[in-house]
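Since the structure comes first, as structure tokens, the remarks are kept for the end.
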Amino acid sequence: MRFLGFVFAALMTVSMPVAAVEMGDDGLHKPTWLQDTFKDVREDLVTANEEGKRLLIIWEQRGCIYCNKMHTEIFPQPEIDKLLREKFFVVQMNLFGDVEVTDLDGTVLPEREMAARWGIIFTPTMMFMRDGETDEDLASEFAAATMPGAFGKYTTRHLMEWILKKGYDGDEPFQKYHARMLKEEGVIE
Numbered sequence: 294m295r296f297l298g299f300v301f302a303a304l305m306t307v308s309m310p311v312a313a314v315e316m317g318d319d320g321l322h323k324p325t326w327l328q329d330t331f332k333d334v335r336e337d338l339v340t341a342n343e344e345g346k347r348l349l350i351i352w353e354q355r356g357c358i359y360c361n362k363m364h365t366e367i368f369p370q371p372e373i374d375k376l377l378r379e380k381f382f383v384v385q386m387n388l389f390g391d392v393e394v395t396d397l398d399g400t401v402l403p404e405r406e407m408a409a410r411w412g413i414i415f416t417p418t419m420m421f422m423r424d425g426e427t428d429e430d431l432a433s434e435f436a437a438a439t440m441p442g443a444f445g446k447y448t449t450r451h452l453m454e455w456i457l458k459k460g461y462d463g464d465e466p467f468q469k470y471h472a473r474m475l476k477e478e479g480v481i482e
């Protein structure tokens with residue numbers, strides 16, 4: 294009887310769908326919600342605004358176990374996937390990449406040098422840009438929030454919602470918003 298239980302468990306594991314995300318030639322995950330752009334932050338910001346979305350720049354690197362966790366466990370969560378598709382204009386950058394990136398002040402640097410300019414040292418790092426026009430010179434200064442690291446589904450979703458509600462302009466810091474939402478959603482007491 295125990296043997297049949299093991300067989301049943303093995304069959305269930307094999308038949309369960311796994312969220313597979315295509316990998317690009319650069320070794321980075323390529324979900325369908327990523328935007329293929331010229332990596333000109335000024336243009337990407339205008340396009341995001343025109344589409345009624347928020348610009349999100351996500352920094353990743355080949356072989357990043359934390360990026361893999363986000364792409365296989367967190368981003369596929371239905372509520373998060375929906376936010377990424379409907380509310381954010383997502384541009385991917387490679388921490389060690391050579392593709393040229395144009396900053397808000399017109400400075401053009403390879404991705405790896407732009408990462409240094411913006412202080413990006415960890416992957417994944419998500420930079421959520423403010424909406425509207427800017428007079429900032431650096432995208433890192435125009436970011437409403439920068440989230441380095443792989444966080445769980447609640448933290449990730451709550452940060453996206455806080456950004457969309459422009460919580461950064463209000464009196465409730467993200468950590469307090471997150472704690473309040475966890476209580477309201479019954480995740481914690």
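The working numbering applies: residue 294 is where the sequence shown begins, and numbers increase by one.
Ideal placement from N, C-alpha and C gives every residue a C-beta, glycine not left out.
Which residue wins for smallest C-alpha separation from residue i, given the options the options?
i, options, result
"Leu397", "Asp428, Asn387, Glu372 and Glu482", "Asp428"
"Arg410", "Asp430, Leu349 and Pro369", "Asp430"
"Met386", "Gly399, Leu348, Glu343 and Asp462", "Leu348"
"Gln370", "Leu475, Lys476, Gly412 and Tyr447", "Tyr447"
I'd like to know whether the C-beta atoms of residue i and residue j end up nearer to each other than 9 Å.
i, j, result
"Phe382", "Gln468", "no"
"Trp326", "Arg378", "yes"
"Ile358", "Thr449", "no"
"Asp424", "Val384", "no"
"Gln354", "Leu402", "no"
"Asp333", "Val394", "yes"
Grouping DSSP H, G and I as helix and E and B as strand, with all else coil, what is residue i?
i, result
"Phe444", "coil"
"Leu348", "strand"
"Gln354", "coil"
"Phe382", "strand"
"Asp329", "coil"
"Thr395", "strand"
"Thr416", "coil"
"Ala472", "helix"
"Phe421", "strand"
"Val480", "coil"
"Ala313", "coil"
"Pro369", "coil"
"Gly463", "coil"
"Thr340", "helix"
"Thr439", "strand"
"Leu402", "strand"
In angstroms with no decimal places, state the Cα-to-Cα distance between residue i and residue j.
i, j, result
"Asp464", "Met420", "21 Å"
"Met422", "Ile351", "11 Å"
"Met363", "Gly356", "13 Å"
"Ser433", "Cys360", "20 Å"
"Ile373", "Glu478", "16 Å"
"Pro346", "Glu482", "Looking at the sequence itself, residue 346 is Lys, so the reference to Pro does not match. Spanning the two alpha carbons is a distance of roughly 33 Å."
"Ala302", "Ala341", "Caution is warranted here: a pLDDT of 43 is assigned to Ala302, below 50, making its placement in the model unreliable, and no coordinate value can be reported."
"Ser308", "Val339", "Low local confidence applies: a pLDDT of 36 at Ser308 is under 50, so the model's placement there is unreliable, with the coordinate-based value given in what follows. Going by the C-alpha atoms only, they are around 44 Å apart."
"Asp391", "Phe415", "17 Å"
"Pro466", "Gly460", "7 Å"
"Met316", "Thr365", "12 Å"
"Ala408", "Thr418", "10 Å"
"Ala313", "Lys323", "10 Å"
"Met320", "His451", "Reading the sequence as shown, one finds Gly at residue 320 and not Met. C-alpha separation (whole angstroms): 28 Å."
"Gly445", "Ala472", "14 Å"
Within the 9 Å Cβ cut-off, does residue i reach chain D?
i, result
"Ala438", "Looking for chain D here will not work: only one protein chain is present."
Exercise. Mind the definition here: the stretch 428 to 441 touches the stretch 449 to 468 only if three or more C-beta pairs lie below 8 Å; say whether that holds.
Key: Cβ pair count under 8 Å is three or more, so yes.
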